[in-house]
Amino acid sequence: EPFVADEYIERLAWRTPGGGSRGGEAFDPKRLLEEFVNHIQELQVMDERIQRKVEKLEQQCQKEAKEFAKKVQELQKSNQVAFQHFQELDEHISYVATKVCHLGDQLEGVNTPRQRAVEAQKLMKYFNEFLDGELKSDVFTNSEKIKEAADIIQKLHLIAQELPFDSLMGFCCYPLSFPGKYHDLECQLIQEFTSAQRRGEISRMREVAAVLLHFKGYSHCVDVYIKQCQEGAFLRNDVFEDAAILCQRVNKQVGEVFSNPETVLAKLIQNIFEVKLQSYVKDQLEEHRKSDAEQYLKNLYDLYTRTTNLSSKLMEFNLGTDKQTFLSKLIKSIFISYLENYIEVEIGYLKSRSAMILQRYYDSKNHQKRSIGTGGIQDLKERIRQRTNLPLGPSIDTHGETFLSQEVVVNLLQETKQAFERCHRLSDPSDLPKNAFRIFSMLVEFLCTEHIDYALETGLAGIPSSDSKNANLYFLDVVHQANTIFHLFDKQFNDHLMPLISSSPKLSECLQKKKDIIEQMEVKLDMGIDTLNCMIGQMKHILAAEQKKTDFKPEDENNVLIQYTNACVKVCGYVRKQVEKIRNSMDGKNVDTVLMELGVRFHRLIYEHLQQYSYSCMGGMLAICDVAEYRKCAKDFKIALVLQLFDTLHALCNLLVVAPDNLKQVCSGEQLANLDKNILHSFVQLRVDYRSARLARHFS
Numbered sequence: 031e032p033f034v035a036d037e038y039i040e041r042l043a044w045r046t047p048g049g050g051s052r053g054g055e056a057f058d059p060k061r062l063l064e065e066f067v068n069h070i071q072e073l074q075v076m077d078e079r080i081q082r083k084v085e086k087l088e089q090q091c092q093k094e095a096k097e098f099a100k101k102v103q104e105l106q107k108s109n110q111v112a113f114q115h116f117q118e119l120d121e122h123i124s125y126v127a128t129k130v131c132h133l134g135d136q137l138e139g140v141n142t143p144r145q146r147a148v149e150a151q152k153l154m155k156y157f158n159e160f161l162d163g164e165l166k167s168d169v170f171t172n173s174e175k176i177k178e179a180a181d182i183i184q185k186l187h188l189i190a191q192e193l194p195f196d197s198l199m200g201f202c203c204y205p206l207s208f209p210g211k212y213h214d215l216e217c218q219l220i221q222e223f224t225s226a227q228r229r230g231e232i233s234r235m236r237e238v239a240a241v242l243l244h245f246k247g248y249s250h251c252v253d254v255y256i257k258q259c260q261e262g263a264f265l266r267n268d269v270f271e272d273a274a275i276l277c278q279r280v281n282k283q284v285g286e287v288f289s290n291p292e293t294v295l296a297k298l299i300q301n302i303f304e305v306k307l308q309s310y311v312k313d314q315l316e317e318h319r320k321s322d323a324e325q326y327l328k329n330l331y332d333l334y335t336r337t338t339n340l341s342s343k344l345m346e347f348n349l350g351t352d353k354q355t356f357l358s359k360l361i362k363s364i365f366i367s368y369l370e371n372y373i374e375v376e377i378g379y380l381k382s383r384s385a386m387i388l389q390r391y392y393d394s395k396n397h398q399k400r401s402i403g404t405g406g407i408q409d410l411k412e413r414i415r416q417r418t419n420l421p422l423g424p425s426i427d428t429h430g431e432t433f434l435s436q437e438v439v440v441n442l443l444q445e446t447k448q449a450f451e452r453c454h455r456l457s458d459p460s461d462l463p464k465n466a467f468r469i470f471s472m473l474v475e476f477l478c479t480e481h482i483d484y485a486l487e488t489g490l491a492g493i494p495s496s497d498s499k500n501a502n503l504y505f506l507d508v509v510h511q512a513n514t515i516f517h518l519f520d521k522q523f524n525d526h527l528m529p530l531i532s533s534s535p536k537l538s539e540c541l542q543k544k545k546d547i548i549e550q551m552e553v554k555l556d557m558g559i560d561t562l563n564c565m566i567g568q569m570k571h572i573l574a575a576e577q578k579k580t581d582f583k584p585e586d587e588n589n590v591l592i593q594y595t596n597a598c599v600k601v602c603g604y605v606r607k608q609v610e611k612i613r614n615s616m617d618g619k620n621v622d623t624v625l626m627e628l629g630v631r632f633h634r635l636i637y638e639h640l641q642q643y644s645y646s647c648m649g650g651m652l653a654i655c656d657v658a659e660y661r662k663c664a665k666d667f668k669i670a671l672v673l674q675l676f677d678t679l680h681a682l683c684n685l686l687v688v689a690p691d692n693l694k695q696v697c698s699g700e701q702l703a704n705l706d707k708n709i710l711h712s713f714v715q716l717r718v719d720y721r722s723a724r725l726a727r728h729f730s
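With the first letter of the sequence shown counted as 1, position 386 gets the number 416 in the numbering used here; the numbers rise by one all the way through.
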């Protein structure tokens, strides 16, 4: 343990009697001092003894160090001598090796010409047999030595190619002449390779392929191998899966058989694509090409996708340097005749399919689409009808039908979604944005123009005049459904169209087209503000039918039991329903804009309505109660301006009941101080006691 002086002193004092560290003992400083002095002396003696021991060990260490250094010097000298001997031995070995190599070169220089001469003599002997027309050598007659015979025939073939044609005429015509034997042997090798492949003897196949490598028929050997590989490989219905399994199996085997496995595997894949797949694709597509566009497009998309997926799997194999280009060319060779006019087929199908979906819907509603006139005389009639409330032509009765269908929209969007997916897969990258824009244009034409826009036009034409009684306001239902549908349209625009055109000039064109559609629809929705006129007209009918003059000037002032009038109850109930309907039909800022307009018109209607009656004291109280109820209804609008207008109207109604002496004070209050004096005067005039001199004097 590390030495700590304080602890050491504490332990010493604790052990000393009278040291004061143990309880119950008197402290004796002299005795403690004596103990310390004695202990110090003992430590000094111990220190001297240890010091002498250290000096002795240091001397011994120095002595041993000198002896070790001397021994190291001797070893270094011995090592230097050994290294010198090693260098001498290495030089001697190098000298001997040089001599041996020189001797070997001399022997090789003598032996190589001799071997060549022997080989040439053998070839001349074999060549002479061909000239004589009789093959006697064992190598030609023994079928087990076909490999050696093939080597000889190959060499003789090379020699024969170098001889003049006139010299060859001397032996080419014999029945057993060299060219015939070359061909026969080549056929035998191919037959042997075929038999070995059927038996599954990989080593024999490798030997025969190595021999045939130098023959003209080597490519035929590869063709035979490819043909036999495919025997029994395409027995299931899924030709693409069969092709992938076949290539996977051959990829493991081809490297063990051929010296150029990537070339053989590439040739196999090319054969599969150009024969099996091309035939399969043609059978699948030609059947529906002219008779069924929908099935044709589905099959084309499915076959092209499965072919590209197969190509992706084949990318794992070694097919040479540029396998991506190789596989792309194979795919293009199969589908080029179908992809050239793909977009025309797509647009034609999408157009006919969309038209059929819409027509089927309108037929189910027993509705014949009509052209809704716009502009010119139609607009002039509409403006005159709105200003004069004269029925210059009946509105179209839609019988509550919005002519918008979620099912139709889902079908159109689903067809377009599938078209975008096919376009992405089947279009050339350079044509992709252009083709996607054409599909988008079809969607705009049939969904936005032929369906949504037609429904808005029909809804606008079906808006009743403001003086119609019990008018049903179906246009808000049209707005609600159109709003929902457009959200779905916008979602498809972002999810499926944007990825196809995001990096092309067509992006700005599509965004502008979408903007134009939105603006066109907003214009029609703005025109639908006539619905508010109908709402106000309905309120007028309710007030005219339910409000009585005796409501605000009862015959018995002391026997009024109602809190507010029946007209007020019905108007507020109607308004609350319309506010809820507007909130459900619209979203965003459009809700606040429409509710503000409705609230302002609602206030003006009530204001003008109250101006038509005279008010007794109790009738004025009842009017205040009615306005208070109207104000509660106005809170549902959640529009500050509308609530402020009804607060002011409520304050004006107080003028109907306030005592004549307090009129000036009420008129100068916070809510009425800024109003025109004529407005205040008009309300005071509604009091039945207005003509009394006292009231007129106070107000003046």
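Glycine is no exception: its CB is placed at the ideal position from the N, C-alpha and C atoms.
A quick note: this is a predicted structure, and the numbers were derived from the prediction, not measured.
| query | Taking the alpha-carbon positions, what's the Gln511 to Phe356 distance? | reply | When rounded, the distance between both Cα atoms is 52 Å.
| query | Could you check where the alpha helix (DSSP H) with Cys251 kicks off and where it finishes? | reply | DSSP places Cys251 in the uninterrupted alpha helix (DSSP H) bounded by Tyr248 to Cys259.
| request: Leaving out five residues on either side along the sequence, give the residues of the same chain with a beta carbon under 7 Å from the beta carbon of Glu286. | output: Taken in chain order, the residues that qualify are Ile232 and Arg236.
| If you scan the segment 457 to 484 from start to end, which runs of the alpha helix (DSSP H) of 4 or more residues do you find wholly inside it? | With a minimum length of 4 residues, the continuous alpha helix (DSSP H) runs that stay inside the segment 457 to 484 are 462 to 473.
| message | Judging by CA-CA distance, which residue of Ala127, Ile566 and Leu327 is the nearest neighbour of His633? | response | The closest CA to that of His633, considering only Ala127, Ile566 and Leu327, is found on Ile566.
| On the three-state DSSP scale, how would you describe Arg234? | In the three-state scheme derived from DSSP, where H, G and I count as helix and E and B as strand, Arg234 is classed as helix.
| field | CA-to-CA distance, Glu480 to Glu445, given in whole angstroms | value | Going by the C-alpha atoms only, they are around 16 Å apart.
| message | For Asp691, which residues in the same chain have their Cβ closer than 6 Å to its Cβ, ignoring the five residues on either side in sequence? | response | Once the five neighbours on either side are set aside, Asp691 has no close Cβ partner at all.
| query | Are there three or more Cβ pairs, one per stretch, closer than 8 Å when the segment 597 to 609 is compared with the segment 652 to 667? | reply | Verdict: yes, contact present.
| task | Rounded to whole angstroms, what's the CA-CA distance from Leu625 to Gln398? Just pull it up for me. | result | Using only the alpha carbons, I get a separation of about 35 Å.
| request: Starting from the Cα of Val440, find the closest Cα among Gly649, Gln103 and Ser384 and give me that residue. | output: With distances taken between Cα atoms, Val440 lies closest to Ser384.
| query | In three-state DSSP terms, what is Tyr720? | reply | Tyr720 falls in the coil class under three-state DSSP.
| One or two residues paired with Tyr645 in a DSSP bridge | Its beta-bridge partners are Arg717.
| task | In angstroms with no decimal places, state the Cα-to-Cα distance between Leu276 and Gln448. | result | Their Cα atoms are separated by approximately 32 Å.
| task | Taking only the alpha-carbon atoms, compute the straight-line gap between Tyr720 and Gly649 and give it to the nearest angstrom. | result | C-alpha separation (whole angstroms): 14 Å.
| Going along the chain, which unbroken runs of the alpha helix (DSSP H) with 4 or more residues stay wholly within the segment 296 to 342? | Fully enclosed alpha helix (DSSP H) runs of 4 or longer: 308 to 316.
| field | Segments assigned beta strand (DSSP E), at least 3 residues, entirely inside the segment 79 to 137 | value | Restricted to the segment 79 to 137, not a single beta strand (DSSP E) segment is unbroken, complete and at least 3 residues in length.
| query | Count the other CB atoms within 10 Å of the CB of Gln568; is the residue buried (16 or more) or exposed (fewer)? | reply | Looking at its Cβ environment, which holds 16 or more other Cβ atoms inside 10 Å, Gln568 is buried.
| query | Per DSSP, what kind of secondary structure is Asn708 in: helix, strand or coil? | reply | Of the three classes helix, strand and coil, the one that applies to Asn708 here is helix, per DSSP.
| said: For Lys353 and Glu292, what's the separation of their Cα atoms in angstroms? | reply: Rounded to whole angstroms, Lys353 to Glu292 spans 10 Å at the Cα level.
| field | Per-residue burial, Thr404 [other beta carbons within 10 Å of its own, 16 or more giving buried] | value | Residue placement at Thr404 is flagged as unreliable, the pLDDT there being 46, under the threshold of 50; the coordinate-derived value follows with that caveat. Result: exposed.
| field | Spatially closest choice to Lys359 from Leu333, Glu304 and Asn339, by CA coordinates | value | Residue Glu304 is the option with its Cα nearest to Lys359.
| field | Contact check, Phe505 vs Cys478, beta carbons under 8 Å | value | No, the pair does not count as a contact, with Cβ atoms beyond the cut-off.
| Inter-residue CB distance, Ala239 and Leu340 (contact presumed, cutoff 8 Å) | Taking C-beta atoms under 8 Å as the contact rule, Ala239 and Leu340 fail to qualify, at a distance of about 27 Å.
| query | To the nearest whole angstrom, what separates the beta carbons of Val311 and Ile373, a pair I think is in contact under 8 Å? | reply | About 19 Å separates the beta carbon of Val311 from that of Ile373, a gap too long to meet the 8 Å contact definition.
| query | Counting only runs that start and end within the segment 529 to 561, where is the beta strand (DSSP E) found for 3 or more residues in a row? | reply | Runs of the beta strand (DSSP E) inside the segment 529 to 561: none found.
| message | With H, G and I counted as helix, E and B as strand and the rest as coil, what does DSSP make of Thr397? | response | The sequence given here has His at residue 397, not Thr. In the structure shown, the three-state DSSP call for His397 is coil.
| request: Buried or exposed for Arg717, please, with buried defined as at least 16 other CB atoms from any protein chain shown within 10 angstroms of its CB. | output: Looking at its Cβ environment, which holds 16 or more other Cβ atoms inside 10 Å, Arg717 is buried.
| Between which two residues does the alpha helix (DSSP H) containing Phe523 stretch? | Neither: Phe523 is in no alpha helix (DSSP H) and is coded neither H nor E.
| Taking contact to mean at least 3 C-beta pairs separated by less than 8 Å, is the segment 485 to 494 in contact with the segment 535 to 547? | The segment 485 to 494 and the segment 535 to 547 do not touch, with fewer than 3 CB-CB distances between them shorter than 8 Å.
| request: Reducing DSSP to helix, strand and coil, say where Pro291 ends up. | output: Looking at Pro291 - three-state DSSP - the assignment turns out to be helix.
| said: Relative to the C-alpha of Gln674, which candidate in Lys578, Val657, Val688 and Leu686 has its C-alpha closest? | reply: Measuring from the Cα of Gln674, the nearest candidate turns out to be Val657.
| task | Grab me the residues of His526's own chain with a C-beta within less than 6 Å of its C-beta, minus the 5 sequence neighbours each way, in chain order. | result | Taken in chain order, the residues that qualify are Lys447 and Phe450.
| task | Quick one: measure Cβ to Cβ for Thr595 and Leu652, integer angstroms, because I've assumed they're closer than 8 Å. | result | In this structure, Thr595 and Leu652 form a Cβ contact; the two beta carbons are roughly 7 Å apart against a cut-off of 8 Å.
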